[in-house]
Structures are given as structure tokens and as C-alpha cells.
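Position in the sequence shown (from 1) plus 17 gives the number in this note's numbering. Shown next, in C-alpha cells, is the structure this report addresses.
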Amino acid sequence: MREIAVQVDNLSKMYRIGARKQRYVTLRERIAAKVTSLFGCQEVAGATNTMWALKDVSFGVKQGEVVGIIGRNGAGKSTLLKLLSRITAPTHGRIEINGRVSSLLEVGTGFSAELTGRENVYLNGTILGMKRAEVTRKFDEIVAFAGVEQFIDTPVKRYSSGMYLRLAFAVAAHLQPEILIVDEVLAVGDADFQKKCLGKMEGVADQGRTIFFVSHNMHAITRLCKRVIYLEDGQLRLDGSPHDVVKTYLHSGLGTMAIREWLDPVKAPKSDVARLWAVRVKAEDGQCTDNIDIRKPVGIEIEYEVLKPGCKFRGAIDVCNDEGVLLFIALEQDPEWRNRVRPPGRYRSTAWIPGNYLAEGTMIVNVAIDTVEPYEWQFKVRQAVAFHVTDTTDGDSARGDYAGEFPGLVRPLLKWDTLFGADSGR
Numbered sequence: 018m019r020e021i022a023v024q025v026d027n028l029s030k031m032y033r034i035g036a037r038k039q040r041y042v043t044l045r046e047r048i049a050a051k052v053t054s055l056f057g058c059q060e061v062a063g064a065t066n067t068m069w070a071l072k073d074v075s076f077g078v079k080q081g082e083v084v085g086i087i088g089r090n091g092a093g094k095s096t097l098l099k100l101l102s103r104i105t106a107p108t109h110g111r112i113e114i115n116g117r118v119s120s121l122l123e124v125g126t127g128f129s130a131e132l133t134g135r136e137n138v139y140l141n142g143t144i145l146g147m148k149r150a151e152v153t154r155k156f157d158e159i160v161a162f163a164g165v166e167q168f169i170d171t172p173v174k175r176y177s178s179g180m181y182l183r184l185a186f187a188v189a190a191h192l193q194p195e196i197l198i199v200d201e202v203l204a205v206g207d208a209d210f211q212k213k214c215l216g217k218m219e220g221v222a223d224q225g226r227t228i229f230f231v232s233h234n235m236h237a238i239t240r241l242c243k244r245v246i247y248l249e250d251g252q253l254r255l256d257g258s259p260h261d262v263v264k265t266y267l268h269s270g271l272g273t274m275a276i277r278e279w280l281d282p283v284k285a286p287k288s289d290v291a292r293l294w295a296v297r298v299k300a301e302d303g304q305c306t307d308n309i310d311i312r313k314p315v316g317i318e319i320e321y322e323v324l325k326p327g328c329k330f331r332g333a334i335d336v337c338n339d340e341g342v343l344l345f346i347a348l349e350q351d352p353e354w355r356n357r358v359r360p361p362g363r364y365r366s367t368a369w370i371p372g373n374y375l376a377e378g379t380m381i382v383n384v385a386i387d388t389v390e391p392y393e394w395q396f397k398v399r400q401a402v403a404f405h406v407t408d409t410t411d412g413d414s415a416r417g418d419y420a421g422e423f424p425g426l427v428r429p430l431l432k433w434d435t436l437f438g439a440d441s442g443r
């Protein structure tokens, strides 16, 4: 029987929010407050509030388990990982950890900006309790994985964010910790690097090491993890199989999400060159709806603003089902704009998904805008909108008049040719 790697009991973390002002108080105030010291510095009452980032969370993780942690922003995911990494202390509760922990919580966490990449690799190994010879044996593999051979003796403060991330992940994953903690590593970096990260984490898991993995990418969660913990408002809502937990998470709070708009430009997703204003699900007649007949096309409209001249832009969507399985990715291919610079102003780009293509169920849409030359993501919005696809047994969809279970990730209505007798060529 495997031993416990991490045991968490009634874990809680409280933060104080709001400014805590200080001022010198008068003798009258001191006497009135019955304070013994006549002069000194006193905090102004009522200047602070408290917020529970985690509240009474308990679970145990065995050695070799790969555990995903999901939840919306502010649910307590990062706080939990910081507690597990011993970056911060709990307000209440207990954590028992058996084994050395390596964490990648933010880009470059644990790196010293003034040190070179080489020096930071050895520094992190020392922090993990490894001997220099152990780190040396892994050094070339770390540098090759990160792809920073030419810059390994350059101070990391001169690294790009991508180089920082690649080296930080390579160090965390290759220095053979018993417990690896990774927070949103797939949110940064290109597709090839994300694929390498997933592959490496699968390799670490195959070695029997324990992994905690936080991500908003449900496809990655279901691919890598054998167990998922769902946090909501600082509390543990569900702990179980990836299929069940991810499905519950994706359905929670979705309701009607055919329209997602940002009326305040400060809060809208944006970069230096573009800002997102809205994402809408549209029926064939142009009306916004969250309920789509399986036989009808559905449009995903992205409304955005180009802020800077001289750039070529492209919209992108990917569609997942309610189990977090990626169905497809689509990049904007409008021939009128594909190779043209888009002048500043507002645009609406709509991707039309044909009828008789999607299966029944809830579809979750992630959207993004990127520049083509140079290729760079401007922003990504996960779970931007959602809609429900319904089917009937009227006979004019892929299921025909069959009323039983009809599995499959998609449900295309295919063209069939049937020949009989002499016409069949036999």
C-alpha cells in the first residue's frame, strides 16, 4: 500500500485586506483609551477587513498520485499551492508533507534575477537539498529541455518571459523532487512548449512521483490527472475522478452564457495592440441564443478593437464538450483580411460552425486574438461563452429516428451512396 505523500487537515488561510494606517495619538486619546503608554504609534481602528482564501480544506494524497486542482479565479487554488510549498503559513490547520517539494507557481519563482541561468539551476538544487554532483548530472538535460544553451551564463533578468518559464519548469521537473507542484504552466508559452511540459509531467508521474497540477485547461487536466480537487470560494466542493469533477465544474455557473461583454475598458481583456469587447453565440438568424438545434449552424462572434496600427490580426476559437475534451480549434481564414494590416477600430469576426456537426450537450468556447507577423497571442479568454446543442428523432439528423444512446464527440450527417445489384459493380 502506498504511503501518504501529503496530508491536509482543516487547512485555512486568512488574509487581511485594506490599508492599515498609522498615526501618532494625543494624550487625551491615550487616556480615553486607557492605554498605559502616553505617546506612541497606534493603528486606526476599522481600517482592515479579513478574507478567507481557504476554509477548512482536508484531503490526503498518496505517493505517485497526479492530482489536478481546478476552480475559478479567486477559488483558493494558488493559496493552496503556496501553503503546500511552504511559501506562506496557514492560519489554522495542519499540513504533513513526506518528501522534498519542487514548485513552479509563477514565471521564475525561486530565481534570483541577478544570477545567471547556470547559477540559478545550482541554487534551486541546493534549496531542494541536492548535492552539487546530483545537479551536475542533470544540468545538460535541463538546459536542453529549456532551449537556453546560448544564454545559460546570462543573468536571468535579461531573459524573455518565455525563456524564464522554460528554464523554471525544466529545473522544477528535472531535479527529481518527490512532489512536483505546478501552477498554470500551460498558460504561457507556445504550443510546442506546452506539449513538452505535459509530456515531461507524464514522465515524472510514470516514475511514481506525486504531482499537483493547477490549470484552467480542462483537456490537460483530464489527460494528465487521475484525480481532481475542485475548489470554490476557498472550500473543497468536490474531490473525485476527472470525468465527474470536470463535468461538475464546467456546468457550475454556466447558466445562460450566450453573451459575454465587457462594458468597462479597464476590465476588458487587452494587450498593447488590441482589446476584447464581447463574445456572442448567434443563431442562423443573427439572434443571440444559448440553445442550438443540432441541424442548424451556430456562430461565435468575437468583437474586438485594434488599438495600434500596422498589425495583422487573427481570431481563434476552440470548442470543448462538458467533459473538457477539446473538439476542435479554428483560426480565422477570412480571405478579405487574412493577409491585410487592420487599421485601428472595432471589428466583429464570426466563426460559423455548420449544422449536423456537433453532438448533443453543452459546448464551452474559448476565444483568442493573435497577431500574425510576428506571431503572438494578444489575449486568451477561457470559457468565454457556452451553449447547449439539442437533437430530436425527427429523422433528418445523424441519429435519424433512433432514440437510444448515441455516443461520440461529434455527430456529422454524412452523405451515403448505396448501390444495388448490377449497379453495385459486383
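All C-beta atoms, glycine included, are put in the ideal place defined by N, C-alpha and C. What you are looking at is a predicted structure, and each value in this text was computed from that prediction instead of being measured.
Q: Starting from the C-beta of ILE346, find all residues in its chain whose C-beta is less than 6 Å away, skip the five residues before and the five after it, and write them out in chain order.
A: Numbered from its first residue, the sequence shown carries residue 346 at position 329. Taken in chain order, the residues that qualify are ASP335.
#### Entry: CA-to-CA distance, THR67 to TYR41, given in whole angstroms
Along the sequence shown, one-based indexing puts residue 41 at 24. Along the sequence shown, one-based indexing puts residue 67 at 50. Note that TYR41 has pLDDT 45, beneath the 50 cutoff, so the model's placement of it is unreliable and no number is given.
### Query
Which residue comes first and which comes last in the beta strand (DSSP E) that contains ARG331?
Start at 1 with the first residue of the sequence shown, and residue 331 comes out as number 314. 330-338 is the span of the beta strand (DSSP E), which, as asked, contains ARG331.
Pairwise C-alpha distance: ALA185 and LEU431:
If you number the sequence shown from 1, residue 431 lands on position 414. If you number the sequence shown from 1, residue 185 lands on position 168. LEU431 and ALA185: Cα-Cα distance of roughly 48 Å.
query: Would VAL1 be called buried (16 or more neighbouring beta carbons within 10 Å of its own) or exposed?
result: Residue coverage of the chain in this structure runs from 18 to 443, which leaves residue 1 outside it and unanswerable.
Requested in this report: Mind checking which residues open and close the alpha helix (DSSP H) that includes ASP256?
Outcome: As a working mapping, residue 256 is identified with position 239 in the sequence shown. No alpha helix (DSSP H) holds ASP256; the beta strand (DSSP E) holding it covers 252-257.
For a quick check, are the C-beta atoms of ILE311 and SER414 less than 8 Å apart? Position 294 of the sequence shown holds residue 311. Position 397 of the sequence shown holds residue 414. Yes.
Checklist line | Cβ pair ALA285, CYS305 closer than 8 Å | finding: Translated into the one-based positions of the sequence shown, residue 285 becomes position 268. Translated into the one-based positions of the sequence shown, residue 305 becomes position 288. Contact flag unset, no.
Specify the secondary structure class of ARG416 as computed by DSSP and reduced to three states.
To locate residue 416, count along the sequence shown from 1; it is residue 399. In the structure shown, ARG416 sits in coil (DSSP, three-state: anything other than H, G, I, E or B).
Can you tell me whether ARG244 is helix, strand or coil according to DSSP? Looking up residue 244 in the sequence shown gives position 227. If DSSP states are grouped into helix, strand and coil, ARG244 belongs with the strands.
Next item on the list: Pick helix, strand or coil for ILE159, following the three-state DSSP scheme.
Entry: For the purposes of this step, residue 159 is taken as the residue at position 142 of the sequence shown. Assignment of ILE159 by DSSP, reduced to helix, strand and coil, places it in the helix class.
*Which residue's Cα is closest to the Cα of GLY327: ASP351, ALA295, PRO360 and TYR139?*
As a first step, residue 327 is located in the sequence shown; it is residue number 310 there, counting from the start. Answer by Cα proximity: PRO360.
For LEU101 and ALA70, what's the separation of their Cα atoms in angstroms? Along the sequence shown, read from residue 1 onward, the residue named residue 101 stands at position 84. Along the sequence shown, read from residue 1 onward, the residue named residue 70 stands at position 53. Rounded to the nearest angstrom, the two C-alpha atoms are 14 Å apart.
Next on the checklist: With distance defined between alpha-carbon atoms, name the residue in ASP307, GLU340, VAL342 and ARG357 nearest to PHE330.
Outcome noted: Counting from 1 along the sequence shown, the entry for residue 330 is found at position 313. The shortest C-alpha separation from PHE330 is found at ARG357.
- Collapsed DSSP secondary structure at ALA130 in the structure displayed: Here residue 130 corresponds to residue number 113 of the sequence shown, with the count starting at 1. Looking at ALA130 - three-state DSSP - the assignment turns out to be coil, as it is neither helix nor strand.
Q) Mind checking PRO1: buried by the 16 CB within 10 Å criterion, or exposed? A) This structure cannot settle anything about residue 1, because the visible part of the chain is limited to 18 through 443.
Determine the DSSP secondary structure at GLY438, reduced to helix, strand or coil. As a working mapping, residue 438 is identified with position 421 in the sequence shown. DSSP places GLY438 in helix when its eight states are reduced to three.
Could you tell me the distance, in whole angstroms, from the CA atom of ILE104 to the CA atom of HIS268? Here residue 104 refers to the residue found at position 87 of the sequence shown. Here residue 268 refers to the residue found at position 251 of the sequence shown. If I take the Cα positions, the gap works out to 33 Å.
*Flag this pair as yes or no: are the beta carbons of THR171 and GLY116 separated by less than 8 Å?*
Here residue 171 corresponds to residue number 154 of the sequence shown, with the count starting at 1. Here residue 116 corresponds to residue number 99 of the sequence shown, with the count starting at 1. No, Cβ-Cβ distance for THR171 and GLY116 is not below 8 Å.
Can you check which of these residues, GLU136, LEU293, GLY257 and ALA161, is closest to ARG399 by C-alpha distance? Mapped onto the sequence shown, residue 399 falls at position 382. If we check each option's Cα against that of ARG399, LEU293 comes out closest.
Check whether the region 80-94 and the region 141-150 are in contact - that is, three or more C-beta pairs closer than 8 Å. no
For this session: Could you pull the start and end residues of the alpha helix (DSSP H) that GLY179 belongs to?
Result: One-based indexing of the sequence shown puts residue 179 at position 162. Counting along the chain, the alpha helix (DSSP H) containing GLY179 begins and ends at 178-191.
Query - Cβ-based neighbour list, CYS337, same chain, cut-off 6 Å, excluding 5 preceding and 5 following - result: Position 320 of the sequence shown holds residue 337. Excluding positions up to five away in sequence, the list reads LEU343 and ILE381.
Handout entry: Supposed contact pair PRO107 and SER177 - C-beta distance, whole angstroms, cut 8 Å
Key = In the sequence shown, the residue the question calls residue 177 occupies position 160. In the sequence shown, the residue the question calls residue 107 occupies position 90. The pair is not a contact, with the Cβ atoms about 35 Å apart (cut-off 8 Å).
Inter-residue spacing [alpha-carbon to alpha-carbon] between VAL152 and GLN252: As a first step, residue 152 is located in the sequence shown; it is residue number 135 there, counting from the start. As a first step, residue 252 is located in the sequence shown; it is residue number 235 there, counting from the start. Their Cα atoms are separated by approximately 38 Å.
Under the three-state DSSP convention, the category LYS325 falls into: Translated into the one-based positions of the sequence shown, residue 325 becomes position 308. For LYS325, the three-state secondary structure derived from DSSP is coil.
Next on the checklist: Let's test the definition: count the other Cβ atoms within 10 Å of the Cβ of PHE230 and tell me whether it reaches 16, buried, or not, exposed.
Outcome noted: Working through the sequence shown from its first residue, we reach residue 230 at position 213. The residue in question, PHE230, is buried, as its Cβ has 16 or more Cβ neighbours within 10 Å.
Starting from THR445, trace the alpha helix (DSSP H) in both directions and tell me its first and last residue. Limits of the chain in this structure are 18 at one end and 443 at the other, which puts residue 445 out of reach.
Margin query: Give me the residue from ASP408, PRO429, GLU320 and GLU82 with the minimum Cα distance to ALA401.
Written below: Within the sequence shown, numbered from 1, the residue matching residue 401 stands at position 384. Looking at the Cα atoms, GLU320 is the closest of the given residues.
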